[in-house]
Amino acid sequence: MGKREQIEGSDHIEIFANGESFNLEKGTLLPDFIESLNLDLDRVIVELNKGALSPTEATNIELKRGDILEIVRIVAGGMTSRSLVTKGSNPNEI
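Here the sequence shown is numbered in full-length UniProt numbering, starting from 1 and rising by one per residue.
If you want it as structure tokens, here you go:
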């Protein structure tokens, strides 16, 4: 069995957030993923596969294999900053 077949048959999926790969359990919801990054869904803007999500839409999304997310953190003064979505980083530091 090849590597691709092993991944496709597993209980995990690979997604990409701000250019970085993440392996998640199948069935992971977007709000749970955002929370795992120590971010608050109410304080970020999320783009899924090149389409912006409303806050209501974002609460109901189950992530799928190959999804591509861009997560932008809203900061004071109305400015936004691309969130630091890296494994082991502190998302509160820019």
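A virtual CB, placed ideally from N, CA and C, is assigned to each residue, including glycine.
Asked                                                                                                                           : Found
Apart from the five residues just before and just after Ile13, which ones in its own chain have a Cβ nearer than 6 Å to its Cβ? : Leu24, Lys26, Arg65
So is Asp67 buried or exposed if we call it buried at 16+ other beta carbons inside 10 Å?                                       : buried
Helix or strand or just coil, what does DSSP make of Leu48?                                                                     : strand
Where do the ends of the beta strand (DSSP E) carrying residue 144 lie?                                                         : Summary: the structure shown does not reach residue 144, with the chain confined to residues 1 through 94, and so no result is reported for it.
Tell me whether Leu63 sits in a helix, a strand or coil according to DSSP, three-state version.                                 : coil
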